[in-house]
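In our numbering, the protein residues as written are 149 to 389.
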């Protein structure tokens, strides 16, 4: 993979204000992509934006968007905003945004917790992918990456709504890949980061030492590779990094 493997590509990254989303955005920009940073926090987005510009990477776009309350019209409006900003160019989406409450027995988990985790972890990736699909179809080579979690395939006590929403995300990816089979320029895959030094991992595993986890920058090259043309022809996979 060359240093500029994403040159001339435009890639939308959700959850780009912190953690894996921010690091993935920086890595994609360093590989030559024009990245669209999307998250709820304007202030945090500005910091990532400034870091990318300071590194000499292509100037990104930054868009504040609250996915937890958005319906079709909001996602459609967002897609139209992207069309206007990029002249309709979009070559990929990396769904890094994630919502997690806390590990707990089902006795203590509420309906609202489950609904919100499904909204961000499953429904929003579907809605956003659907909204920008016309642009992806116009791309010569487009890759959609969903960020998975091991408990989406291996159910375990206390992971409840979060694990279930990630299991649904795996299903979503398989459906998307199957529907896109007739489009050789489109692909969708799930990447499972594993144990990394991210805010979410620290929250889910408070007793785990930093030395037991990978740095986020250890896996961002994998995201760049799967976003690049090097991964063309591979779709519907769940990949553990």
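Just so you know, even glycine gets a beta-carbon here, dropped at the ideal spot from N, CA and C.
Should residue i go down as buried or exposed, given a rule of 16 or more other Cβ atoms within 10 Å for buried?
i           : result
residue 403 : The first residue shown for the chain is 149 and the last is 389, placing residue 403 beyond what the model contains.
residue 207 : exposed
residue 269 : buried
residue 393 : Residue 393 falls outside the range modelled here, since the chain spans only 149 to 389, and no answer is possible.
residue 259 : exposed
residue 239 : buried
residue 204 : exposed
residue 189 : exposed
residue 311 : buried
residue 202 : exposed
residue 225 : exposed
residue 247 : buried
residue 221 : exposed
residue 381 : exposed
residue 157 : buried
At a cut-off of 7 Å, is residue i close to the ligand NAP when judged by its beta-carbon and the heavy atoms of the ligand?
i           : result
residue 311 : Absence of the ligand NAP from the depicted structure is noted, as is the absence of any ligand whatsoever, leaving it without description.
Who are the near neighbours of residue i in its chain, counting only those whose CB is closer than 6 Å to its CB and skipping five residues on each side?
i           : result
residue 193 : 165, 185, 187, 210
residue 324 : 336
residue 385 : 337
residue 297 : 314
residue 307 : 299
For residue i, collect the residues of the same chain with a Cβ closer than 7 Å to its Cβ; drop the 5 residues on either side in sequence, then sort them by chain order.
i           : result
residue 374 : 291, 293, 337, 339
residue 273 : 243, 294, 317, 320
residue 365 : 171
residue 151 : 179
residue 360 : 343
residue 236 : 283, 286
residue 322 : 384
residue 163 : 169, 187, 244, 245, 246
Could you please give the first and the last residue of the uninterrupted alpha helix (DSSP H) stretch that includes residue i?
i           : result
residue 167 : 167-178
residue 364 : 364-375
residue 202 : 190-202
How would you write the range of the beta strand (DSSP E) that residue i sits in, first residue to last?
i           : result
residue 154 : Residue 154 -> no beta strand (DSSP E), and no H or E assigned at all.
residue 209 : 209-212
residue 386 : 386-388
residue 186 : 182-187
For chain C, check one thing: does any of its Cβ atoms lie closer than 8 Å to the Cβ of residue i?
i           : result
residue 274 : The structure shown contains no chain C, having only a single protein chain.
Residues in its own chain within less than 8 Å of residue i by CB, not counting five upstream and five downstream?
i           : result
residue 389 : 339, 340, 341, 342, 367, 370
residue 309 : 249, 257, 261, 262, 265, 266
Where in the segment 313-344 do unbroken runs of the beta strand (DSSP E), each at least 3 residues long, occur, reported from the N-terminal end onward? Correct list: 334-340.
Entirely within the segment 257-314 and at least 4 residues each: give me those alpha helix (DSSP H) ranges in chain order. 259-266, 272-286
Going residue by residue through the segment 222-254, where are the continuous beta strand (DSSP E) segments of at least 3 residues, counting only ones entirely within it? 240-243
Stretch pair the segment 315-329 + the segment 250-265: three plus CB contacts closer than 8 Å: no
How do the segment 160-175 and the segment 302-310 stand: do at least 3 beta-carbon pairs fall below 8 Å, yes or no? no
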